[in-house]
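Order-wise, the sequence lines are chains A and B. Quick note on numbering: this note's numbering labels position 194 of the first sequence as 194, and the sequence is numbered without any gaps. Take any residue in the second sequence, note its place counting from 1, add 1000, and you have its number in this note's numbering. Note that the Cβ used here is the ideal one computed from N, Cα and C, for glycine as well.
Number of protein chains: 2
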Amino acid sequence: MVNERVLLTSLANLIGKETIADDCAILPLDGTLIVATTDMLHETTDFPAGMTDWQRGWMAVAATLSDIAAMGACPLIVLIAVGLDRPERLRPVMEGAVACCSAHGATLGGGDIDSHKELTLVTTGIGIVNADQVVRRKGSQDGDAICVTGILGGAQAALLGHHQYEPSLFEPHPRIAEGRTISCAGATSMMDISDGLALSLHDLAAVNEVGYAIYSDELPLIPELPPEEARELALFGGGDYELLFTISPDALPLPGLDEYRIGEVIREHRVLLDGKPLPSRGYQHRWRE
Amino acid sequence: MVNERVLLTSLANLIGKETIADDCAILPLDGTLIVATTDMLHETTDFPAGMTDWQRGWMAVAATLSDIAAMGACPLIVLIAVGLDRPERLRPVMEGAVACCSAHGATLGGGDIDSHKELTLVTTGIGIVNADQVVRRKGSQDGDAICVTGILGGAQAALLGHHQYEPSLFEPHPRIAEGRTISCAGATSMMDISDGLALSLHDLAAVNEVGYAIYSDELPLIPELPPEEARELALFGGGDYELLFTISPDALPLPGLDEYRIGEVIREHRVLLDGKPLPSRGYQHRWRE
């Protein structure tokens, strides 16, 4: 088995380790930073069963806007490339894409259309942020609080058949406004957790010299499931579009935001749950060799 | 049969007719325009047989940079989403993509990786241009000269088995430097002709109130083929990454550029070859219904 993260690491010498260490590419332009990110989603691997095409269009845009939110940036424009197995799918996909853009202050600026064996959506988002407000993955400080923006595990619960959580899975809301608030409050590092909380903490550890200690009692869990199961989903489930960030405890609570404080940044370079190593597993694309 | 252009037109009321009328989306930012474009290419439909994966990576970037060239813009950053059927294809694809970026002044800024049934490459390019230098499809003036930047039909000739033209097809060079020269010289309208010259002239006609008259004797043809065949390829062949532009005849010849003047903009809203209507056909993606 080879996985996406191993492949990405193998490219570090080709496109630069610094370049692949964030949710977005960053481009300075006169004191403003332009951030840009792209996401590929397609039917077999990425879209859960039971979604409508409208929801697929919405989700494809949400995935990209979430990466922009994770930099503390404002989205401006989204482009979408649509690979279509049947032409009549274009309209509902585009209507969902436009709706998600409109709901989050972005403009759908165009794209490309191609015939394809299976429905494939690739969205690219471009946003801007003042150079002194950008929040990157790198920057966590020993003693910072570790926070998330919402309840964890909903998307994975829906995948497992808990239908009441399908809105989390099918129509996720990228945390654009929350990302701006967190950025303005001086967060030291941030990323989205669409691959799951555990993997995301390990992603932060990969680009910071500090460590991350979280506590299972502090995790914002789904209330309707047994705590044991809910905790597993919160740690290792994928598909939640919440933000994970670190910030000085003095800055908490954040104005207008119901953040959940789940742990603290520690000097030792480890990722710990209740004092024990937290496994680096979660949602990943995999290829068979 | 439904084709890409009909689908695009059907979306005009959804994302705005103005928005889809250029090679790139345009985003104003303090006197500078940011331009952005995305292209989807995949194995079954878009990559000719006989290409290496390195060349597929190169071509995917070239397609996007060509759209940026067509606005008279400078490319800054390219993102690439790679859908892989086999993980070992990633490295040559990325090496080709990086090489094409480097050759044309752009940086490969990141992307996304996904497993996919067939190799699928989606590139997004972001560039900048001064607001007073951007060249759009709309703007042709009655009396302008119609020009192209190079010999036409090479890519299609290679597709038909003329191996000496394979570099045009397999490793096309986007006309970035030429686009800048044309923009600075005051061109009134421009686009790339990757779908073929005839279709591109009709694309210009769709957003301008003037018409376009070209002459078969003026077309820059492949010298090695019989003129009749070479002319057919020049008019209706796809895959050439030359630029088509209109400009006041007083501005010609352009410094440092071997442009070919193939006709003139006319008041009557028609597209003519040697005084007769030029059919609107060329390279298009098609779906069966």
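Nearest-angstrom Cα separation, counted from residue j out to residue i
{"i": "A1230(B)", "j": "E1118(B)", "result": "34 Å"}
{"i": "V1207(B)", "j": "I1176(B)", "result": "23 Å"}
{"i": "R1136(B)", "j": "T1038(B)", "result": "17 Å"}
{"i": "E289(A)", "j": "S1115(B)", "result": "With a pLDDT of 29 at E289(A), under the threshold of 50, the modelled position of this residue cannot be trusted; read the value that follows with caution. The alpha-carbon atoms of E289(A) and S1115(B) are separated by roughly 12 Å."}
{"i": "L1027(B)", "j": "I1034(B)", "result": "5 Å"}
{"i": "G1275(B)", "j": "E1264(B)", "result": "12 Å"}
{"i": "R1086(B)", "j": "T44(A)", "result": "16 Å"}
{"i": "Y241(A)", "j": "A185(A)", "result": "20 Å"}
{"i": "A103(A)", "j": "P174(A)", "result": "10 Å"}
{"i": "L1065(B)", "j": "Q133(A)", "result": "30 Å"}
{"i": "G1256(B)", "j": "I1182(B)", "result": "10 Å"}
{"i": "I1080(B)", "j": "D67(A)", "result": "15 Å"}
{"i": "Y1212(B)", "j": "G1161(B)", "result": "32 Å"}
{"i": "Y165(A)", "j": "E1209(B)", "result": "53 Å"}
{"i": "H269(A)", "j": "V78(A)", "result": "37 Å"}
{"i": "I113(A)", "j": "P1048(B)", "result": "18 Å"}
{"i": "L1243(B)", "j": "C24(A)", "result": "31 Å"}
{"i": "A251(A)", "j": "L29(A)", "result": "29 Å"}
{"i": "I99(A)", "j": "L204(A)", "result": "Contrary to the premise, residue 99(A) reads as Ala rather than Ile in this sequence. Straight-line Cα distance between these residues: approximately 32 Å."}
{"i": "K138(A)", "j": "D22(A)", "result": "8 Å"}
{"i": "L225(A)", "j": "L1076(B)", "result": "49 Å"}
{"i": "P1249(B)", "j": "D46(A)", "result": "53 Å"}
{"i": "E88(A)", "j": "P223(A)", "result": "40 Å"}
{"i": "P305(A)", "j": "C101(A)", "result": "Given that chain A is displayed from residue 1 to residue 289, the structure contains no residue 305(A) and the question cannot be resolved."}
Beta-carbon separation (whole angstroms), residue i vs residue j, contact threshold 8 Å
{"i": "L201(A)", "j": "L278(A)", "result": "7 Å"}
{"i": "A1062(B)", "j": "G1179(B)", "result": "That belief does not hold up - the Cβ atoms of A1062(B) and G1179(B) are roughly 13 Å apart, past 8 Å."}
{"i": "A198(A)", "j": "R281(A)", "result": "6 Å"}
{"i": "G1196(B)", "j": "G1143(B)", "result": "Actually they are not in contact, since the Cβ atoms of G1196(B) and G1143(B) sit about 25 Å apart, beyond 8 Å."}
{"i": "H42(A)", "j": "G1239(B)", "result": "Wrong, their Cβ atoms sit about 26 Å apart, outside the cutoff."}
{"i": "T1120(B)", "j": "T52(A)", "result": "Not really, about 23 Å apart at Cβ, beyond 8 Å."}
Bounding residues of the beta strand (DSSP E) (the contiguous stretch that carries residue i)
{"i": "G1263(B)", "result": "Y1260 to I1266"}
{"i": "I126(A)", "result": "T120 to N130"}
{"i": "Q1145(B)", "result": "It is worth fixing the name first, because residue 1145(B) is Ala in this sequence and not Gln. Counting along the chain, the beta strand (DSSP E) containing A1145(B) begins and ends at A1145 to V1148."}
{"i": "A1187(B)", "result": "Neither: A1187(B) is in no beta strand (DSSP E) and is coded neither H nor E."}
{"i": "G256(A)", "result": "Element bounds for G256(A): n/a, residue is neither H nor E."}
{"i": "G1111(B)", "result": "T1107 to S1115"}
{"i": "P1075(B)", "result": "C1074 to L1084"}
{"i": "G1211(B)", "result": "G1211 to I1214"}
{"i": "A25(A)", "result": "A25 to L29"}
{"i": "I1247(B)", "result": "L1243 to I1247"}
{"i": "L221(A)", "result": "From DSSP, L221(A) is part of no beta strand (DSSP E); its letter is neither H nor E."}
{"i": "V134(A)", "result": "First-last for V134(A): undefined, no H or E at that position."}
{"i": "L1273(B)", "result": "V1271 to L1273"}
Start-to-end residues for the alpha helix (DSSP H) that takes in residue i
{"i": "P1227(B)", "result": "P1227 to F1236"}
{"i": "F170(A)", "result": "E166 to F170"}
{"i": "V1207(B)", "result": "L1197 to V1207"}
{"i": "V1093(B)", "result": "L1090 to A1103"}
{"i": "V61(A)", "result": "D53 to A69"}
{"i": "T45(A)", "result": "E43 to D46"}
{"i": "T1181(B)", "result": "I1176 to C1184"}
{"i": "L159(A)", "result": "G154 to L159"}
Reference residue i; option with closest CA among the options
{"i": "T345(A)", "options": "K276(A), A131(A) and G109(A)", "result": "One cannot answer for residue 345(A) here, as it falls past the ends of chain A, which runs 1 to 289."}
{"i": "W1054(B)", "options": "A1213(B), S1066(B), A1081(B) and A1097(B)", "result": "A1097(B)"}
{"i": "I247(A)", "options": "S140(A), L221(A), D195(A) and V271(A)", "result": "S140(A)"}
{"i": "V129(A)", "options": "I266(A), C100(A) and A36(A)", "result": "A36(A)"}
{"i": "V1221(B)", "options": "C1100(B), L1233(B), A1213(B) and Y1212(B)", "result": "It is Leu, not Val, that sits at residue 1221(B) in the sequence shown. Measuring from the Cα of L1221(B), the nearest candidate turns out to be L1233(B)."}
{"i": "T1032(B)", "options": "M1040(B), A1131(B) and H1163(B)", "result": "A1131(B)"}
{"i": "S216(A)", "options": "E224(A), D203(A) and L235(A)", "result": "L235(A)"}
{"i": "E259(A)", "options": "L272(A), D46(A) and F245(A)", "result": "F245(A)"}
{"i": "A1106(B)", "options": "C1074(B), I1214(B) and G1083(B)", "result": "C1074(B)"}
{"i": "I126(A)", "options": "E224(A), P253(A), R267(A) and G72(A)", "result": "G72(A)"}
{"i": "L1272(B)", "options": "I1214(B), P1223(B) and G1050(B)", "result": "I1214(B)"}
{"i": "G1050(B)", "options": "C1101(B), M1040(B) and H1163(B)", "result": "H1163(B)"}
{"i": "M40(A)", "options": "G1111(B), C1101(B) and P1253(B)", "result": "G1111(B)"}
{"i": "A1253(B)", "options": "I1266(B), P1227(B) and A1187(B)", "result": "It should be pointed out that residue 1253(B) corresponds to Pro in this sequence rather than to Ala. Answer by Cα proximity: A1187(B)."}
- Item | Cβ contact (3+ pairs, closer than 8 Å) linking the segment 1159 to 1176 of chain B and the segment 1047 to 1067 of chain B | yes
- Message: Within 8 Å, do at least three Cβ pairs link the segment 145 to 158 of chain A to the segment 1138 to 1156 of chain B?
- Response: The segment 145 to 158 of chain A and the segment 1138 to 1156 of chain B do not touch, with fewer than three beta-carbon pairs separated by less than 8 Å.
- Should the segment 91 to 101 of chain A be regarded as contacting the segment 1078 to 1095 of chain B, the criterion being three or more beta carbon pairs within less than 8 Å? The segment 91 to 101 of chain A is not in contact with the segment 1078 to 1095 of chain B.
- Given 8 Å as the limit, is there contact between the segment 156 to 163 of chain A and the segment 184 to 194 of chain A, that is, 3 or more CB pairs closer than that? no
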